[in-house]
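J.: Just add 12 to wherever you are in the sequence shown, counting from 1, and you've got the numbering used here. Quick reminder that beta carbons are idealized off the backbone N, C-alpha and C, glycines included. My structure is below; once you've seen it, I'll send some questions.
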Amino acid sequence: MKDSNGSHVVSFMSRCDGLSEVKECEALAVVEAMLRVRSACLKNVKFEVDAKLVADSICMPGVDRTEFGLMVELCRSVLVQEPKYSVGFMKGQANEAAHLLARESCFHACPIVSFDMKSFLNTIVLNVCLIAGH
């Protein structure tokens, strides 16, 4: 999570066990992020999603009776309740740090263990910026 200046504030990590489709895991991540942000009483929040299908499904009307569709409906209901929240698509390259973080989290034996990741994230973001600049 970043503040209005773009500075890192806090990060969340989760693990999706089972044989879910990628779109379901991505939608679940948006649902969890929305619920955490709402419980923290934050307002005027933009959720950036790197999965175009997920972002489009949340932003466009339609009915989907699958697990994915139920998660999309939950996101839509939060957006109705919180009019200052929005969801938008962000290209995957701009979200490379999140993917590096997700890959790194696979090496932790216990999904419950958490630690201060600010320096780790700063290193990843710096590396992504350096790579993107070249």
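On the DSSP bridge assignment, give the partners of V61 in chain order.
T.: By 1-based counting over the sequence shown, the position of residue 61 is 49. Answer by DSSP bridge pairing, in chain order: F101.
J.: Identify the continuous alpha helix (DSSP H) that holds L54 and give its terminal residues.
T.: One-based indexing of the sequence shown puts residue 54 at position 42. Where L54 is concerned, there is no enclosing alpha helix (DSSP H), given that its DSSP letter is neither H nor E.
J.: Less than 8 Å between the beta carbons of V61 and A52, yes or no?
T.: Locating residue 61 in the sequence shown gives position 49, counting from the first residue. Locating residue 52 in the sequence shown gives position 40, counting from the first residue. Between V61 and A52, the CB-CB gap reaches or exceeds 8 Å.
J.: Using 10 angstroms around the beta-carbon of M72, count the other beta-carbons present and answer buried if the total reaches 16, otherwise exposed.
T.: Sequence index remark: in the sequence shown, residue 72 carries index 60 (1-based). Within a 10 Å sphere around the beta-carbon of M72 sit fewer than 16 other beta-carbons, which makes this residue exposed.
J.: One question on the structure: do M83 and V43 come within less than 8 Å of each other, judged by their Cβ atoms?
T.: For the purposes of this step, residue 83 is taken as the residue at position 71 of the sequence shown. For the purposes of this step, residue 43 is taken as the residue at position 31 of the sequence shown. Yes; because the gap between Cβ atoms is below 8 Å, this pair is in contact.
J.: Taking its Cβ as the centre, do 16 or more other Cβ atoms sit within 10 Å of L40, making it buried, or is it exposed?
T.: As a position in the sequence shown, residue 40 is number 28, starting the count at 1. In summary, L40 is buried, with 16 or more beta-carbon neighbours lying within 10 Å of its beta-carbon over all protein chains present.
J.: Determine the burial state of E33: buried for a count of at least 16 other Cβ atoms within 10 Å of its Cβ, exposed for fewer.
T.: In the sequence shown, residue 33 corresponds to position 21, counting from 1. Exposed, because fewer than 16 other Cβ atoms sit within 10 Å of the Cβ of E33.
J.: Among the residues of its own chain, which have a CB less than 6 Å from the CB of L86, if the five just before and after it don't count?
T.: In the sequence shown, residue 86 corresponds to position 74, counting from 1. The residues are V43.
J.: CB-CB under 6 Å to M46, same chain, minus the five flanking residues each way: which ones, in chain order?
T.: Here residue 46 refers to the residue found at position 34 when the sequence shown is read from its first residue. V90.
J.: Taking just the CA atoms, how far does S16 sit from R77?
T.: What you label residue 77 is simply residue 65 of the sequence shown in a count that begins at 1. What you label residue 16 is simply residue 4 of the sequence shown in a count that begins at 1. Annotation: R77 to S16 spans about 37 Å, alpha carbon to alpha carbon.
J.: Can you give the beta carbon distance from L65 to K35, rounded, assuming they're within the 8 Å contact cut?
T.: For the purposes of this step, residue 65 is identified with residue 53 of the sequence shown, where counting begins at 1. For the purposes of this step, residue 35 is identified with residue 23 of the sequence shown, where counting begins at 1. Here L65 really is in contact with K35; their C-beta atoms are around 6 Å apart, less than 8 Å.
J.: Would you report the Cα separation of K96 and R48, rounded to the nearest angstrom?
T.: Along the sequence shown, one-based indexing puts residue 96 at 84. Along the sequence shown, one-based indexing puts residue 48 at 36. The alpha-carbon atoms of K96 and R48 are separated by roughly 15 Å.
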